[in-house]
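Q: Input: one structure, supplied below.
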Amino acid sequence: LHCALNMETVEMNSVSLKRPRSEDDVANADEIKRQKILEKSKTGNDSGQSVETVTEQPDKSLLEDTKNEMIPNEENEEQEDEELEDSDEDGDPESFADMMKHGLTESDVGITKFVSSHKGFSGILKERYSDFVVHEIGKDGRVSHLDDFSVPVDDEDPSEETFTVLSDEDKQRLEELQLLKNKEASVAIEVIEDTKEKRTVIHQAVKSLFPGLETKTEDRDGKKYIIAYHAAGKKALANPRKHSWPKSRGNYCHFVLYKENKDTMDAINVLSKFLRVKPNIFSYMGTKDKRAITVQEIAVLRITAQRLAHLNKCLMNFKLGNFSYKNHPLKLGELQGNHFTVVLRNITGTDGQIEQAMHSLREIGFINYYGMQRFGTTAVPTYQIGRAILQNNWNEVMDLILKPRPGAEKGYLVKCREEWAKTKDPATALKKLPVKRCVEGQLLRGLLKYGMKNIISAFGIIPRNNRLMYIHSYQSYVWNNMVSKRIEEYGLRAVPGDLILKGATAVHIEEGDIDNYTIHDVVMPLPGFDVIYPKHKIGEAYKEMLVADNLDINNMRHKIRDYSLSGAYRKIIIRPQNVNWEVVSYDDPRIPLFPTDLDKLEGKPLPVLPTDGKFRALKMEFSLPPSTYATMAIREVLKMDTSIKNQTQLNTTWLR
């Protein structure tokens, strides 16, 4: 679904990973499913979590080395879009499963090989989003944890009364004034129980809660009023007021964001709305998955820790803590990686199989494939659009994005596509689309603005990150296919002609040096104008694959500079760090199997687990570098296809 496009690192869908099973397995699994259905009908599934299901919208993509861009929108349009997207769920399980038959499988995107020799087994991934916890690892190697709610003491901070002195009605009027939503040039707040101290608190409250507004005191009919007005027109809204920030304090408040079941951009949009600031004053090192509990560092320009801490009282699914002031923002990509704690529930593997699988993960690792979320989930994979861009075939780009397609999509998108197929009129197709910020809506607006003969400019309206995502998806598609060929041809040893990195420079392994390297040193290129290729059969295979796609591997520069691919190198095998695991038993699928940072802070008791429960779960922990996919590590353990299509075909019972 293009409507759900956001840049996301190591993003994973909720999936039940199952193998084709023996009759005993099937009988046992059917009994377990019946039990779950009974439990659900008794409880109403009030946890809101899936039981053996894919509940998320199709995955979002990962982009390396590019900054997230906010899609420009009117705020009310954004709000409508959010409401529509929230309310339009996937529909009934059968229809969703049926639609997903048109999606991709792993083999469609070149994911075909395993490195380990153990027999695979079944397990449910993300039965609850709390089964998947991600802790960011900063550039200094420190793992982010939420373990401190205290606010740095600062004499400059306003009093607690600042947050309560204004009525809800005052706040509403001030917000409308701040956002220039009404025609008034100022807002007057009557000072009840007039004292100098009271007036000071109101002045402080307006200035700290509504950046960009100034205040003065006026006498009117013998009563005192605080008058709020714009200090410097519209510009004041974008830049928090400079003169009010103490020189001794770092300009950026850094904090740890703990979030549940929200992606990073959604979280920042919510924080910015509550703080009444623009989202672009926030910075971070990487975006994190939605259907998970994630802990990461965020920095924000000139917002006090006190104001941020106050949000803990009113925000659902977020907690903010570990505040400090620093003189620098955070930069995308500046992290060492992420530490994952993952629970695979209802596993079928024997203790021996699990030991063998986890030892292999620790000692050998897994193939560093780009995961399924890189390629979209509908019948039109993102790599096909990327290929058309690189071919300079703009009619094909337009057609692939807008044409009707089978697969899981929201109703209004289906209607929009049908209208486009019928009329080829961007104006009438756009009318069918209440959510304007999706890729389809943006392209249609571009076609309306620039005309059907200028598709390049129309496509350019889509934010740069989303446009580049398509061509990066094509690079990933080529890389996955070539790595599978490389492993099939030469196995898990370094061979002459392979590439390794010396610093940032790739060099070929020569015959005489072969004993100095292992498979863990070998890299392979993403195609581009600034990379070299292996000097064995796989180098030729790259050329052949691109020739088949009407592309010239020796000419990856595009006449539009944005779409010129320089290429990059990527390790073919990743060995996770800090790998640990244990098998636990449990009776109730709804109880968490390990405590989170928040549980520890709030002093919640550890879950008491039976020694001989009805179900078994594998709890695993590991650290991965940026731009690697945890799904691919889990795939190696279970030896299972992680695509949504495969899961829908293997699961006959789908429960919300």
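With full-length UniProt numbering applied, the sequence shown covers 1 to 656.
Positions of the beta carbon are idealized from the N, C-alpha and C atoms, including for glycine.
1) By a C-beta neighbour count over all protein chains shown, 10 Å radius and 16 as the cutoff for buried, is H118 buried or exposed?
2) What are the boundary residues of the beta strand (DSSP E) that K224 is part of?
3) Measure from the alpha carbon of E198 to the alpha carbon of each residue in T164, I462, L618 and E511, then state which is nearest.
4) Count Cβ pairs between the stretch 495-509 and the stretch 536-548 that sit closer than 8 angstroms; are there 3 or more?
5) Any contact of the stretch 164-180 with the stretch 622-639, i.e. 3+ C-beta pairs under 8 angstroms?
6) Using a Cβ distance threshold of 8 angstroms, determine whether the stretch 409-420 contacts the stretch 428-445, with at least three qualifying pairs required.
7) Does DSSP put T428 in a helix, in a strand, or in coil?
8) In the DSSP assignment, find the alpha helix (DSSP H) that holds A494 and state where it starts and stops.
9) According to DSSP, simplified to helix, strand and coil, what is D108?
10) Need the endpoints of the alpha helix (DSSP H) that S248 sits in, please.
11) Per DSSP, what kind of secondary structure is K600 in: helix, strand or coil?
12) Would you check if the distance between the CB atom of G250 and the CB atom of K326 is smaller than 9 angstroms?
13) Mind reading off the beta-carbon distance from E136 to M285? Whole number of angstroms is fine, and I expect it under 8 angstroms.
14) Do you know whose CA, among N580, E544, H145 and S116, lies nearest K600's CA?
15) Looking at the structure shown, is Q172 part of a helix, part of a strand, or coil, going by DSSP?
16) Nearest CA to the CA of R557: which residue from M632, R345 and L390?
17) Bridge partners of W581, per DSSP?
18) Which word fits M185, buried or exposed, when buried means at least 16 other C-beta atoms lie within 10 angstroms of its C-beta?
19) Below 8 angstroms CB to CB, which residues in the same chain sit around N392 once its five sequence neighbours on both sides are set aside?
20) Using a Cβ-Cβ cutoff of less than 6 angstroms, which residues in the same chain neighbour M632 once the five nearest sequence positions on both sides are dropped?
21) How would you write the range of the beta strand (DSSP E) that T215 sits in, first residue to last?
22) Would you call the stretch 542-558 and the stretch 524-531 in contact, with 3 or more CB pairs under 8 angstroms?
23) I need the straight-line Cα distance from Y258 to Y129, nearest angstrom please.
24) Assign R142 to one of two classes, buried (16 or more other C-beta atoms within 10 Å of its C-beta) or exposed (fewer than that).
25) Just curious, the beta strand (DSSP E) that K326 is in, first and last residue?
26) State the DSSP-derived secondary structure class of Y477, mapped to helix, strand or coil.
27) Looking at C-alpha atoms only, which residue of Q475, Y569, Q296 and D588 is the closest neighbour of K614?
28) Between residue 657 and L177, is the Cβ-Cβ spacing less than 9 angstroms?
29) Just verifying my parser: in three-state terms, what is the DSSP assignment at P525?
30) Can the beta-carbon of D515 be found closer than 9 angstroms to that of L501?
31) Compute the beta-carbon to beta-carbon distance between S643 and T105, rounded to the nearest angstrom, for a pair I have assumed lies under 8 angstroms.
32) Looking only at its own chain, which residues have a Cβ that is under 7 angstroms from the Cβ of L275, when we skip the five neighbours before and after it?
33) Starting from K126, follow the beta strand (DSSP E) in both directions and report where the run begins and ends.
34) I'd like to know whether the C-beta atoms of N480 and I111 end up nearer to each other than 9 angstroms.
35) Assign A188 to one of three DSSP states: helix, strand, or coil.
36) Would you mind stating whether A568 and N338 have Cβ atoms separated by less than 9 angstroms?
A: Concretely, from the data shown:
1) Answer is buried; the Cβ neighbour count reaches 16.
2) Its beta strand (DSSP E) spans residues K223 to H230.
3) Before going further, note that residue 198 is Lys rather than Glu in the sequence given. Among T164, I462, L618 and E511, the Cα nearest to that of K198 belongs to T164.
4) The stretch 495-509 vs the stretch 536-548: in contact.
5) The stretch 164-180 is not in contact with the stretch 622-639.
6) At 8 angstroms Cβ cutoff, the stretches touch.
7) When DSSP states are grouped into helix, strand and coil, T428 belongs to the helix group.
8) It is not in any alpha helix (DSSP H) - A494 carries neither H nor E in the DSSP assignment.
9) D108 sits in a helix when the DSSP states are folded into three classes.
10) Looking at the DSSP string, S248 is not in any alpha helix (DSSP H), and its letter there is neither H nor E.
11) Of the three classes helix, strand and coil, the one that applies to K600 here is helix, per DSSP.
12) Result yes, Cβ atoms of G250 and K326 sit closer than 9 angstroms.
13) Sure, about 7 angstroms apart at Cβ, within 8 angstroms.
14) Relative to K600, the option among N580, E544, H145 and S116 whose CA is nearest is H145.
15) The answer is helix: DSSP assigns Q172 an H, G or I state.
16) Per the Cα distances, L390.
17) DSSP output for W581 lists M620 as bridge partner(s).
18) The amino acid occupying residue 185 in the given sequence is Ala; Met does not appear at that position. Classification of A185: exposed, given that the 10 Å Cβ count is below 16.
19) Apart from sequence neighbours up to five positions away, the residues of its chain that approach N392 with a beta-carbon distance below 8 angstroms are H558 and K559, ordered along the chain.
20) F366, Y369 and G371, listed in sequence order.
21) Run containing T215: L213 to R220, per the beta strand (DSSP E) assignment.
22) Using a Cβ-Cβ distance cut-off of 8 angstroms, the stretch 542-558 and the stretch 524-531 are in contact, since at least three pairs of beta carbons, one from each stretch, lie closer than that value.
23) Going by C-alpha positions, Y258 is about 13 angstroms away from Y129.
24) So R142 counts as exposed.
25) Where K326 is concerned, the enclosing beta strand (DSSP E) starts and stops at F318 to K326.
26) Three-state DSSP puts Y477 in a helix.
27) For K614, the closest C-alpha among the options Q475, Y569, Q296 and D588 is that of D588.
28) Outside the displayed range of the chain (1 to 656) lies residue 657, so it cannot be described from this structure.
29) Shown here, P525 sits in a strand according to DSSP, grouped into three states.
30) No, the Cβ-Cβ distance between D515 and L501 is not below 9 angstroms.
31) Confirmed, about 5 angstroms.
32) Result list for L275: I303 and R307, in chain order.
33) K126 -> no beta strand (DSSP E), and no H or E assigned at all.
34) Yes.
35) Strand, per DSSP.
36) Against a cut-off of 9 angstroms, the Cβ pair of N338 and A568 comes out as no contact.
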